[in-house]
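Notes to accompany the following structure.
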Amino acid sequence: MPQVLRGPYLQIGTPTSIVVRWRTDVPTDSVVTIGPSVGNLNTSISDGTVTTEHEVLVQGLIPETFYFYGIGDSVHGTLAGNDPDHVFKTAPPVGSKRRTRLWVIGDSGSGNNNARGVRDGYAAFAGATHTDLWLMLGDNAYPNGTDSQYQTAVFQNMYETMLRRTALWSTFGNHDAHSANSATQTGVYFDVFTLPTSGQAGGIPSGTEAYYSFDWANIHFVCLDSAGPAIGPNHPMVPWLQADLASTTQDWIIAFWHHPPYTKGTHDSDTETRLITMRTVFMPILESFGVDLVLTGHSHVYERSMLIDSHYGPSSTFDINTMALDSGSGISNLGEAYRKSGPGPVPHDGTVAVVNGASGTAGSGSLNHPIMIRSLSKLGSVVIDVEDQQLDLKYLDRDGGIQDLFTIVKGGVSPVVTTRIPLPTAANWSFEDTNTDLGTAWRQPGFDDSGWNTGNGPLGFGSSLVQTTVSSGSSGSVPPTTYFRTTFVLDGQPSEVEYMALSALYDDGFIAYLNGQEVARSDSMGTGTVGFNTLATNHGATGYETFVLTPAALPLLQQGTNVLAVEVHQRSLSSSDLVWDGSLVVDGRFHFLGPCAAGTVTSNGEPFSTLLVNGTDGGLGRSVDVGINQPVTLDVLQPPGNPAPAHFSISGFLGTPTAAHVFTLPLGLGDLCFPTALAGPVVAPLSFLLADNFGNPGALLPSTTAPYSFTNPVGLPFPFTFTFQGLIETGGGGIGLTNAVRLHIVP
Ligand SMILES: [Fe+2]
Numbered sequence: 010m011p012q013v014l015r016g017p018y019l020q021i022g023t024p025t026s027i028v029v030r031w032r033t034d035v036p037t038d039s040v041v042t043i044g045p046s047v048g049n050l051n052t053s054i055s056d057g058t059v060t061t062e063h064e065v066l067v068q069g070l071i072p073e074t075f076y077f078y079g080i081g082d083s084v085h086g087t088l089a090g091n092d093p094d095h096v097f098k099t100a101p102p103v104g105s106k107r108r109t110r111l112w113v114i115g116d117s118g119s120g121n122n123n124a125r126g127v128r129d130g131y132a133a134f135a136g137a138t139h140t141d142l143w144l145m146l147g148d149n150a151y152p153n154g155t156d157s158q159y160q161t162a163v164f165q166n167m168y169e170t171m172l173r174r175t176a177l178w179s180t181f182g183n184h185d186a187h188s189a190n191s192a193t194q195t196g197v198y199f200d201v202f203t204l205p206t207s208g209q210a211g212g213i214p215s216g217t218e219a220y221y222s223f224d225w226a227n228i229h230f231v232c233l234d235s236a237g238p239a240i241g242p243n244h245p246m247v248p249w250l251q252a253d254l255a256s257t258t259q260d261w262i263i264a265f266w267h268h269p270p271y272t273k274g275t276h277d278s279d280t281e282t283r284l285i286t287m288r289t290v291f292m293p294i295l296e297s298f299g300v301d302l303v304l305t306g307h308s309h310v311y312e313r314s315m316l317i318d319s320h321y322g323p324s325s326t327f328d329i330n331t332m333a334l335d336s337g338s339g340i341s342n343l344g345e346a347y348r349k350s351g352p353g354p355v356p357h358d359g360t361v362a363v364v365n366g367a368s369g370t371a372g373s374g375s376l377n378h379p380i381m382i383r384s385l386s387k388l389g390s391v392v393i394d395v396e397d398q399q400l401d402l403k404y405l406d407r408d409g410g411i412q413d414l415f416t417i418v419k420g421g422v423s424p425v426v427t428t429r430i431p432l433p434t435a436a437n438w439s440f441e442d443t444n445t446d447l448g449t450a451w452r453q454p455g456f457d458d459s460g461w462n463t464g465n466g467p468l469g470f471g472s473s474l475v476q477t478t479v480s481s482g483s484s485g486s487v488p489p490t491t492y493f494r495t496t497f498v499l500d501g502q503p504s505e506v507e508y509m510a511l512s513a514l515y516d517d518g519f520i521a522y523l524n525g526q527e528v529a530r531s532d533s534m535g536t537g538t539v540g541f542n543t544l545a546t547n548h549g550a551t552g553y554e555t556f557v558l559t560p561a562a563l564p565l566l567q568q569g570t571n572v573l574a575v576e577v578h579q580r581s582l583s584s585s586d587l588v589w590d591g592s593l594v595v596d597g598r599f600h601f602l603g604p605c606a607a608g609t610v611t612s613n614g615e616p617f618s619t620l621l622v623n624g625t626d627g628g629l630g631r632s633v634d635v636g637i638n639q640p641v642t643l644d645v646l647q648p649p650g651n652p653a654p655a656h657f658s659i660s661g662f663l664g665t666p667t668a669a670h671v672f673t674l675p676l677g678l679g680d681l682c683f684p685t686a687l688a689g690p691v692v693a694p695l696s697f698l699l700a701d702n703f704g705n706p707g708a709l710l711p712s713t714t715a716p717y718s719f720t721n722p723v724g725l726p727f728p729f730t731f732t733f734q735g736l737i738e739t740g741g742g743g744i745g746l747t748n749a750v751r752l753h754i755v756p
């Protein structure tokens, strides 16, 4: 049987086509079989050319659809695939506002456990979430980009799982250029990759694989060549770039290439020619056409800028007053998401520049470029989610911990919350430190710990880190185990959680239980059954370490209050110290308002709008910003097909409701997303009734005429948030919920 030496791997994914490539040890013809499920690969695509380098274009596919597949030849049948690992998903239609997940690695080509660790960190973060797109930012195979180096740095014992599931798009690095020439498109890099030259995935045809563009959902991607010969203002890439950018009306523009325009890592953008060229020649073009995000590598660090514009000189010329459109953190849950106009490209409306060059090797440098919000010497990779008018980027370390994050939103809607910290560091914990074996009951959520002492983390003894002291026992008989418990509140639906991680500061060993079930333990506790007298191996508390809890934790999570219980073990009964502190971070799509109501969500996850605030339903974030003293208008629309006029009521909540506020509606209508006063006076200090034409409970009176308008009240503290939701009569005499919309009063 022929052996598959490389791949299969996927290239140029579009809504209706994909390229499948692989290498065999002996020449054969090529057959790709695809179908809707394993064992049902009912369509076959063949190429009779006898070769070891197989490349098959699969066409005629349905957009946004999973296809299982196999590869092989006409003599031997399937050589690989027809199993759950060999599956790809076609792109959604161009322009659609579906959520898109990208994984981005840069300078990953070390071919060692550093690169594998970064790979595994992303896999732990992603869990079951499908990766739609995968970008490599160049220097994919060190040191010279040879075929054998590509084998060990990309194809073998490295990225096989991702290669067979997600199309890979690459840009050309200087180490790739040791074995290839982008001017002639010859050499290993151009043999390894199949990239679009004729606009087959969208954009203006470039005529070369060295630089190209493509569309995915509502994103326009531009790949530039910064490593080839004669890169500069007279390069043919310049007029192509201008024509390409002028042709796109996509919501987002993401550009990527190898040499960073801004860095103070293992390279210096003030002194190195190619970096200066990319900044002075290409950044002005990109920003004049409204680029949103620039991704580069080369410098073996992570650096991430504020929202900048028109900074084309050396770093000393950066003027934060004129070149920073937003100098804040961009962190959404601090209320600092970057806000751009739009939708669609707007010239010079702000760019975030990211250096992501530590996916295989972490270097350092002065790390003091003045545009940067975050500069790290730490192995990792970038994950990006784009959905409708919101872009979220995170930097993940090799443990799957989130080291940086920011959000950009466009068009005046507020962001969907994605990353939250339900349990911060230095939270309040109860602890039991009396050298008593509590068995296993103490782990359970219903255990009564009201008699325990409490204090804020870090807790322990014998360490300068400690804020709350626990007992060290008597001399030579330190308690082998000390118990800790705390609670945290999860707002929104547990089903919205995609990632959950414990950040732990510990000495010497710990096991953590979520609502009674083990979800994490330190390596220092081994893998066996642990009792009160079990000792850990030595582990000093030098910093917080990330333990990804998903997927095991997801079925355990409760909406509302959860219990985290932790046992901390000593390495010996004469140990001189103990430390415990832990925090939790969750990531997902937290709408807070809960589902709109059964049957009232579009296939894109947005509410069917019956309630508009200042003309909008707030999109997926279900939030709208309004200035101080700006009139606020509520419009209640007729449900589709409804006999006019529809009866309705609108209720308001001061603030953003949480899971604790879910309650059952009267009239047997199910759960409303926040407390409200229906057909009566205000029932809670924070809720109020804006309009009610239902009259007595259960009785419908003639509708108030929509739109219902009011001017925002005077004297309420700034900033504040209203949340509105209503009941509306639907066709056939039923009653349904309107969508809920948050209204933020902002300066
Ligand atoms: Fe490089």
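Each number in this note's numbering comes from the position in the sequence shown (counting from 1) with 9 added on.
Note that the Cβ used here is the ideal one computed from N, Cα and C, for glycine as well.
Contact test: residue i Cβ vs ligand 1 heavy atom, cutoff 7 angstroms
| i | result |
| --- | --- |
| Asp116 | yes |
| Gly182 | yes |
| Asp148 | yes |
| His267 | yes |
| His187 | no |
| His307 | yes |
Cβ shell of residue i (< 6 angstroms), same chain only, five flanking positions each side left out
| i | result |
| --- | --- |
| Thr257 | His229 |
| His187 | Asn153 and Gly154 |
| Gly182 | Gly147, Asp148, Ala236 and His267 |
| Leu621 | Asp644 |
| Thr449 | none |
| Phe75 | Val96 and Lys98 |
| Thr559 | Gly136, Tyr508 and Met509 |
| Gly627 | Val422, Val633 and Val750 |
Candidates the options: closest to residue i by CA position
| i | options | result |
| --- | --- | --- |
| Ile430 | Thr37, Gly410, Tyr159 and Pro454 | Gly410 |
| Thr305 | Asn462, Ser314, Met246 and Phe298 | Ser314 |
| Gly420 | Gly369, Arg288, Leu405 and Gln399 | Gln399 |
| Arg598 | Ser533, Asp394 and Ala510 | Asp394 |
| Lys387 | Tyr168, Gly372, Val528 and Ser119 | Gly372 |
| Asp457 | Leu70, Leu343, Gly466 and Glu441 | Glu441 |
| Ser350 | Val425, His307, Thr61 and Gly359 | Gly359 |
| Pro489 | Val47, Thr443 and Gly79 | Thr443 |
| Asn91 | Pro17, His378, Ser384 and Ala255 | Pro17 |
| Gly353 | Met332, Gln734 and Gly104 | Gly104 |
| Val41 | Leu50, Asp34 and Leu376 | Leu50 |
| Gly366 | Asp532, Gln160, Leu523 and Ser119 | Ser119 |
| Ala162 | Leu177, Thr175, Met171 and Ala124 | Ala124 |
Backbone secondary structure at residue i - three-state DSSP
| i | result |
| --- | --- |
| Asn342 | helix |
| Gly86 | strand |
| Pro356 | coil |
| Asp129 | helix |
| Thr161 | helix |
| Leu284 | helix |
| Tyr151 | coil |
| Gln68 | coil |
| Met246 | helix |
| Gln251 | helix |
| His229 | strand |
| Val572 | strand |
| Ser533 | helix |
| Thr326 | helix |
| Met167 | coil |
| Tyr321 | coil |
| Trp451 | helix |
Bridge partner(s) assigned by DSSP for residue i
| i | result |
| --- | --- |
| Ala510 | Val557 and Val594 |
| Asp335 | Leu316 |
Same chain, Cβ closer than 7 angstroms to residue i, five either side skipped, listed in chain order
| i | result |
| --- | --- |
| Gly525 | Arg452, Gln453 and Pro454 |
| Ala189 | Gly154, Thr195, Gly196, Val197, Tyr198 and Phe199 |
| Pro72 | Pro24, Thr25, Thr99, Ala100, Pro101 and Pro102 |
| Val595 | Arg429, Pro431, Val506, Tyr508 and Met509 |
Cutoff 8 angstroms: residue i Cβ touching any chain D Cβ
| i | result |
| --- | --- |
| Met145 | Note that chain D does not occur in the displayed structure, where there is just one protein chain. |
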